[in-house]
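Enquirer:
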Amino acid sequence: MDLVLSLRSKKVKVIEISKWGTYLRKQWEDNFASHLSEKEKKSIFLYDQNGYCGFLWHLFSYEKRGCFKEEQADIQFNKEPKQSCYIFYQHSDDVFIVENVLSLTADDFINEQDVYIVDKGFKWTYVRTHETGWCGPYFSRK
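Just so you know, my numbering puts 125 at position 125 of the sequence shown, and the rest follows in order with no gaps.
Encoded structure:
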């Protein structure tokens with residue numbers, strides 16, 4: 001994977017884990033969307049339903065949680081002190097645990113789609129969508 005090679009070239013320690021995606025997507029939802037009812041989550045297509053593909057980042061595009069958007073999101077992510085993070089995707093169960101991430105920047109994810117980066121404590125998240133430029137990227141703190 002190009003992302004993994006790119007991160008490793010920056011001396012970021014990358015641990016690849018398959019099958020954690022479902023777990024981390026649920027943790028992300030519990031930490032960033034817990035203020036919404038199930039009805040509200042369905043109304044913003046947080047989940048796959050009725051032939052529509054759900055996205056956790058709809059939390060931001062439907063303005064259900066405060067966040068920085070677009071260039072401001074990149075700036076905030078770059079300024080955020082980082083030690084270790086999870087990287088996961090909307091439609092994949094592959095997960096990367098990254099450590100030694102002081103050099104991690106928004107530019108590292110410029111070719112990624114529907115990717116979520118979150119610190120291990122779920123205190124903040126950075127999301128790059130497949131609609132970046134129209135929707136996203138987004139950065140939010142818990």
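Beta carbons: idealized from backbone N, C-alpha and C, even for Gly. Keep in mind the model is a prediction, meaning the values are calculated, not measured.
Residues in the same chain with beta-carbon distance under 7 Å from Asn-100, minus the five sequence neighbours each way, listed in chain order, please.
Expert: The residue you call residue 100 lines up with position 100 of the sequence shown. Cβ neighbours of Asn-100 beyond the five flanking positions: Lys-11, Val-12 and Lys-13.
Enquirer: Nearest by alpha-carbon distance to Ile-87: which of Cys-67, Trp-134, Phe-60 and Val-115 is it?
Expert: In the sequence shown, residue 87 corresponds to position 87, counting from 1. Of Cys-67, Trp-134, Phe-60 and Val-115, the residue nearest in Cα terms is Val-115.
Enquirer: Going by DSSP, name the residue or residues bridged to Ser-84.
Expert: For the purposes of this step, residue 84 is taken as residue 84 along the sequence shown, with counting starting at 1. In the DSSP output, where bridge partners are listed per residue, Ser-84 has Glu-99.
Enquirer: Name the residue from Leu-5, Asp-2 and Lys-26 whose alpha carbon lies nearest to the alpha carbon of His-91.
Expert: For this step, residue 91 is matched to residue 91 along the sequence shown. Closest option to His-91, Cα to Cα, is Lys-26.
Enquirer: Could you spell out where the alpha helix (DSSP H) holding Ser-143 opens and where it closes?
Expert: Past the edges of the chain, shown from 1 to 142, lies residue 143, and the structure says nothing about it.
Enquirer: Leaving aside the five residues before and after Ala-73 along the sequence, list all residues of the same chain whose C-beta is less than 6 Å from its C-beta, in chain order.
Expert: Indexing the sequence shown from 1 puts residue 73 at position 73. Cβ within range, chain order: Pro-137, Tyr-138 and Phe-139.
Enquirer: Assuming Ser-84 and Val-98 are in contact, meaning their beta carbons sit under 8 Å apart, how far apart are those beta carbons, in whole angstroms?
Expert: By 1-based counting over the sequence shown, the position of residue 84 is 84. By 1-based counting over the sequence shown, the position of residue 98 is 98. About 6 Å separates the two Cβ atoms, so the contact holds.
Enquirer: How about Tyr-126 and Phe-77: do their beta carbons lie closer than 8 Å?
Expert: For this step, residue 126 is matched to residue 126 along the sequence shown. For this step, residue 77 is matched to residue 77 along the sequence shown. Taking 8 Å as the Cβ cut-off, Tyr-126 and Phe-77 qualify as a contacting pair.
Enquirer: Exposed or buried, which one is Thr-105 when buried takes at least 16 other CB atoms within 10 Å?
Expert: Against the sequence shown, residue 105 aligns to sequence position 105. With fewer than 16 Cβ atoms within 10 Å of its Cβ, Thr-105 is classed as exposed.
Enquirer: Express the C-alpha separation of Lys-42 and Glu-63 in angstroms, rounding to a whole number.
Expert: The residue given as residue 63 occupies position 63 in the sequence shown. The residue given as residue 42 occupies position 42 in the sequence shown. Glu-63 and Lys-42: Cα-Cα distance of roughly 14 Å.
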